[in-house]
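Residue numbers (this note's numbering): 131 to 519. Yeah, the Cβ is synthetic: ideal placement off N, Cα and C, and Gly gets one too. The structure displayed is predicted, hence computed values, not measured ones.
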């Protein structure tokens, strides 16, 4: 009986393939699985089962594992793969029964035995299919993650050819044109993910992004085609409870390395030690001051040293006035209102600052120098406070 079935293997494999293609959705797509490939797989597995009937000893699961591996590589869902496998077994059992009817010497007891064998083989081979499928899926996922990681690294370091930028964008799920931003989040410990959970929230909000985890930071590249998407992205980053710096928007992936530097400057300029999101464009001067602490210290020495040498109370009063004056865009009246003093008091204090600094606050260059020095002083004060806390 088995010999007769094996003679008809090519036809049997053909009919199995046709049935599977008809009944299982994933197998209907010729671009996913060619009919020739499916027919070959059906024939090989049917041959394997027929050879195993009536034999004892270890079962050869090689063809079953090959089927699992191929379907994983082709992207066929595991459920559809196992469904197709069951269809093949059912058709084969139907053929065994039909052939048995032509052989009077085949007893009912033998048919019961063959039935038990076939469905035991189904269980064994289905397990082999599933195991190989999962192993291959894990390997493919690892390869994809490694490639994505390499592509992200290439974007952030700039070691990627212009002609492959669009390929990298496509593989990373990004549009090939911006605007984009780079975000950098500080990690509290090596390997810790400071933006845990943010990936799912961004994906749900349909923000296209890609991340890379470094020992001390998590860096990300996001596409922000509209102001609404940008606001959504920033809102999600703020909810993460991490310290995050965000670059200015840029339009070409070639500019990703520079944007990464701007994002790190923004992170360095974020005041205090608690969570928050600092955008470079919100206060670029503060970002630059934070990025160059040695130079900033020299600037303070050159511009504000006489003021800083004053007694603590007068020093604090003048610095506070200066800070409010900058916040009021140079309006003495608005500064006075925010400090609850008379405008003439503000003007007196500003003249005192001009005398000490040897610079006029009516000179734009002096205003820039003193403003940068003030930012450096406040940052130094905050750092000193953090150390002593």
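Query raised in the report: So, residue 539 versus residue 317, is the Cβ gap smaller than 8 Å?
Result: As shown, the chain starts at 131 and ends at 519. That puts residue 539 outside it, with no answer to give.
**Report entry** Reduced DSSP category for residue 379 - H, G, I as helix; E, B as strand; rest coil
**Finding:** Residue 379 sits at position 249 when you count from the first residue of the chain shown. Three-state DSSP puts residue 379 in coil, outside helix and strand.
Query raised in the report: Rounded to a whole number of angstroms, what is the C-alpha to C-alpha distance between residue 465 and residue 304?
Result: Counted from its first residue, the chain shown places residue 465 at position 335. Counted from its first residue, the chain shown places residue 304 at position 174. So the two alpha carbons sit approximately 46 Å from each other.
Query raised in the report: Which parts of the region 300-376 are runs of the alpha helix (DSSP H), unbroken and 4 residues or longer, counting only runs that do not cross its ends?
Result: 328-334 and 357-369
Report task. Report back the beta-carbon spacing between residue 383 and residue 503 to the nearest angstrom; my notes put them in contact at under 8 Å. Result -> By 1-based counting over the chain shown, the position of residue 383 is 253. By 1-based counting over the chain shown, the position of residue 503 is 373. Actually they are not in contact, since the Cβ atoms of residue 383 and residue 503 sit about 37 Å apart, beyond 8 Å.
Query raised in the report: What do you get for residue 181, buried or exposed, if any count of 16 or more other CB atoms within 10 angstroms of its CB means buried?
Result: For the purposes of this step, residue 181 is identified with residue 51 of the chain shown, where counting begins at 1. Residue 181 should be labelled exposed.
Requested in this report: With residue 408 as the anchor, note down where its beta strand (DSSP E) starts and where it stops.
Outcome: Here residue 408 refers to the residue found at position 278 when the chain shown is read from its first residue. Per DSSP, residue 408 belongs to the beta strand (DSSP E) from 406-409.
Query raised in the report: Where does residue 207 fall in DSSP's three states?
Result: On the chain shown, position 77 is the one that residue 207 refers to. In the three-state reduction of the DSSP assignment, residue 207 falls in the coil class.
Query raised in the report: Taking C-beta to C-beta, are residue 424 and residue 506 nearer than 8 Å?
Result: Along the chain shown, one-based indexing puts residue 424 at 294. Along the chain shown, one-based indexing puts residue 506 at 376. Not in contact: residue 424 and residue 506 (Cβ atoms no closer than 8 Å).
Query raised in the report: By Cβ distance, which residues of its chain are closer than 6 Å to residue 520, with the 5 residues on each side in sequence left out?
Result: What is shown of the chain runs 131 to 519, which leaves residue 520 out entirely.
Query raised in the report: Where does residue 142 sit, in a helix, a strand or coil, going by DSSP?
Result: Here residue 142 refers to the residue found at position 12 when the chain shown is read from its first residue. Three-state DSSP puts residue 142 in a helix.
Query - Environment of residue 126 [buried if 16+ CB atoms lie within 10 Å] - result: Residue numbering for the chain in the displayed model covers 131 to 519; residue 126 lies beyond these limits and cannot be assessed.
Report task. Could you spell out the range, first to last residue, of the alpha helix (DSSP H) harbouring residue 456? Result -> For the purposes of this step, residue 456 is taken as residue 326 along the chain shown, with counting starting at 1. Segment 442-457, the alpha helix (DSSP H) holding residue 456.
Query raised in the report: Taking DSSP as the reference, what is the three-state secondary structure of residue 243?
Result: As a working note, residue 243 is residue 113 in the chain shown. If DSSP states are grouped into helix, strand and coil, residue 243 belongs with the helices.
Query raised in the report: With a CB to CB cut of under 6 Å and the five nearest residues on each side skipped, what residues in its chain are close to residue 518?
Result: The residue you call residue 518 lines up with position 388 of the chain shown. Reliability fails at residue 518, whose pLDDT of 44 lies under 50, so the model's placement of it is uncertain and no value is given.
Query raised in the report: Would you report the Cα separation of residue 249 and residue 222, rounded to the nearest angstrom?
Result: Here the question's residue 249 lines up with position 119 in the chain shown. Here the question's residue 222 lines up with position 92 in the chain shown. The alpha-carbon atoms of residue 249 and residue 222 are separated by roughly 11 Å.
Query raised in the report: Which residue comes first and which comes last in the alpha helix (DSSP H) that contains residue 481?
Result: Residue 481 sits at position 351 when you count from the first residue of the chain shown. First-last of the alpha helix (DSSP H) with residue 481: 473-487.
Query raised in the report: Between which two residues does the alpha helix (DSSP H) containing residue 425 stretch?
Result: The sequence position of residue 425 within the chain shown is 295, counting from 1. For residue 425, the uninterrupted alpha helix (DSSP H) segment begins and ends at 423-438.
Report task. For residue 418, name the three-state secondary structure that DSSP assigns. Result -> Taking the first residue of the chain shown as 1, we reach residue 418 at position 288. The answer is helix: DSSP assigns residue 418 an H, G or I state.
Query raised in the report: In whole angstroms, what separates the C-alpha of residue 243 from that of residue 160?
Result: To locate residue 243, count along the chain shown from 1; it is residue 113. To locate residue 160, count along the chain shown from 1; it is residue 30. C-alpha separation (whole angstroms): 38 Å.
Query raised in the report: What is the residue span of the alpha helix (DSSP H) that residue 173 lies within?
Result: Residue numbering aside, residue 173 sits at position 43 when the chain shown is read from its first letter. Where residue 173 is concerned, the enclosing alpha helix (DSSP H) starts and stops at 165-182.
Query raised in the report: What span of residues does the alpha helix (DSSP H) with residue 387 cover, start to end?
Result: Residue mapping note: residue 387 aligns to position 257 of the chain shown, counting from 1. First-last of the alpha helix (DSSP H) with residue 387: 386-398.
Query raised in the report: Can the beta-carbon of residue 315 be found less than 8 Å from the beta-carbon of residue 275?
Result: Along the chain shown, read from residue 1 onward, the residue named residue 315 stands at position 185. Along the chain shown, read from residue 1 onward, the residue named residue 275 stands at position 145. No, these two residues do not count as a Cβ contact at 8 Å.
Query raised in the report: CB residue 259 to CB residue 197, shorter than 8 Å?
Result: The residue given as residue 259 occupies position 129 in the chain shown. The residue given as residue 197 occupies position 67 in the chain shown. Yes, the pair counts as a contact, with Cβ atoms nearer than the cut-off.
Query raised in the report: For residue 281, which option in 301, 171, 174 and 372 has the closest C-alpha, if you only look at C-alpha atoms?
Result: Counting from one through the chain shown, the residue named residue 281 turns up at place 151. Closest by C-alpha distance to residue 281, out of 301, 171, 174 and 372, is 301.
Query raised in the report: Would residue 227 be called buried (16 or more neighbouring beta carbons within 10 Å of its own) or exposed?
Result: The residue given as residue 227 occupies position 97 in the chain shown. Exposed, by the Cβ-count rule.
**Report entry** Per-residue burial, residue 377 [other beta carbons within 10 Å of its own, 16 or more giving buried]
**Finding:** What you label residue 377 is simply residue 247 of the chain shown in a count that begins at 1. It is buried - the Cβ of residue 377 has at least 16 other Cβ atoms within 10 Å.
**Report entry** residue 231, DSSP secondary structure in three states
**Finding:** Stepping through the chain shown from its first residue, residue 231 is reached at position 101. In the structure shown, residue 231 sits in coil (DSSP, three-state: anything other than H, G, I, E or B).
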